[in-house]
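Reviewing the structure listed below.
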Amino acid sequence: MASSPSTDDLPVYLAPLPNWVESMTLRLTWVVVAVNLVGTVFGFWYYRFQLLNSHLVIWPAVPDSPLATLLMAVSLVSWKLGQDRNWIHALAFVGNLKYGFWVVIVQIVINDVLVSGDPYHWFLLVSHFGMGLQALVIYRYAEFTVPSVAVATLWFSFNDMVDYFLPLVGDYHHTYFGPRLVSAGDHGTRAHDVAAASAVGLTILAAFLALAIRVRRLENRT
1 MASSPSTDDL PVYLAPLPNW VESMTLRLTW VVVAVNLVGT VFGFWYYRFQ
51 LLNSHLVIWP AVPDSPLATL LMAVSLVSWK LGQDRNWIHA LAFVGNLKYG
101 FWVVIVQIVI NDVLVSGDPY HWFLLVSHFG MGLQALVIYR YAEFTVPSVA
151 VATLWFSFND MVDYFLPLVG DYHHTYFGPR LVSAGDHGTR AHDVAAASAV
201 GLTILAAFLA LAIRVRRLEN RT
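At the far end of the sequence shown sits residue 222, using UniProt numbering, and the numbering has no gaps.
This is the structure:
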């Protein structure tokens, strides 16, 4: 069983959470795993209609958030059991940071949660904000090797492509949002553009942060 790893004296833009928050999260690994598994089950339930309306071949690219929380759970378990898998850690980091903060943007900009005050949308905002924050703990035990970050970047870039630019089967595969909920899905709308730009930008940001963490660690060791 792995013990909580030490910090790497990283700058705040690479490790913005207080050390005590990171350490507490790692001490409560099994609780965090359980929360992520519950979130995964809820997420697949949330996507149930979209999955039924999607071709089976594209299913791996449809339920974005539940797959990210499942990756987080697997990442934590593999680290805790001493069976580190760098590619899983990288996928969990990019996926949770990306889709966690992406949903926050969607709820504020597209679903207008700050004005509507809709409790369900607030629940989605807060829970996904937590997703984004938990990604920022992964660096404590992950190596973020170049091949593992490349795998994560390629997968989530593929997701962006089929979600917003080049659907493989039928319609675009992104999460239903805004106008789509009332059957007015015009993919030239501002909602689509905001969602697409946010997704692509967060993919790039997550990959940059992972590689920047690796570079800073190498510098600290020399």
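Backbone N, C-alpha and C fix where the C-beta goes; we use that ideal spot for every residue, glycine too. For clarity, every value in this text was computed on a predicted model and none was experimentally measured.
{"Item": "Among the residues of its own chain, which have a CB less than 6 Å from the CB of asparagine 36, if the five just before and after it don't count?", "Value": "Thr69, Met72 and Ala73"}
{"Item": "Take leucine 211 and list the residues in its own chain whose beta-carbon comes closer than 8 Å to its own, dropping the five residues that flank it on each side.", "Value": "Phe144, Val146 and Val149"}
{"Item": "Run through DSSP, which three-state label would aspartate 118 get?", "Value": "coil"}
{"Item": "Whole angstroms is fine: what's the gap from methionine 131's alpha carbon to histidine 192's?", "Value": "22 Å"}
{"Item": "Return the residue from the list Asn96, Gly82 and Ala195 that minimises the CA-CA distance to methionine 161.", "Value": "Ala195"}
{"Item": "Could you give the DSSP three-state label for alanine 212: helix, strand or coil?", "Value": "helix"}
{"Item": "CB alanine 135 to CB leucine 97, shorter than 8 Å?", "Value": "yes"}
{"Item": "If you reduce the DSSP assignment to three classes, tell me which class serine 65 lands in.", "Value": "helix"}
{"Item": "Do you know whose CA, among Val109, Gly100, Leu154 and Ile213, lies nearest arginine 140's CA?", "Value": "Ile213"}
{"Item": "Could you check which residue in Asp8, Leu14 and Leu10 has the C-alpha nearest to that of phenylalanine 208?", "Value": "Leu14"}
{"Item": "Taking 8 Å as the threshold (C-beta atoms), are phenylalanine 44 and valine 66 in contact?", "Value": "Contrary to the premise, residue 66 reads as proline rather than valine in this sequence. Result yes, Cβ atoms of proline 66 and phenylalanine 44 sit closer than 8 Å."}
{"Item": "For threonine 222, I'd like the list of residues in its chain whose CB is within less than 6 Å of its CB, leaving aside the five on either flank, ordered along the chain.", "Value": "none"}
{"Item": "Around the C-beta of serine 54, are 16 or more other C-beta atoms found within 10 angstroms, so that it is buried, or is it exposed?", "Value": "buried"}
{"Item": "Assuming histidine 164 contacts alanine 199 under a Cβ cut-off of 8 Å, what Cβ separation, rounded to an integer in Å, is found between them?", "Value": "Correcting the residue type first, residue 164 is tyrosine in the shown sequence and not histidine. 7 Å between Cβ atoms; contact."}
{"Item": "If valine 33 and threonine 25 are in contact, beta carbons under 8 Å, what's the gap, nearest whole angstrom?", "Value": "11 Å between Cβ atoms; not a contact."}
{"Item": "Just to confirm my understanding: we take valine 109, look at its own chain, exclude 5 residues before and 5 after, and list those with CB closer than 6 Å. What are they?", "Value": "Val194"}
{"Item": "Determine the closest residue to serine 157 out of Asn86, Gln50 and Tyr99, with distance taken between C-alpha atoms.", "Value": "Tyr99"}
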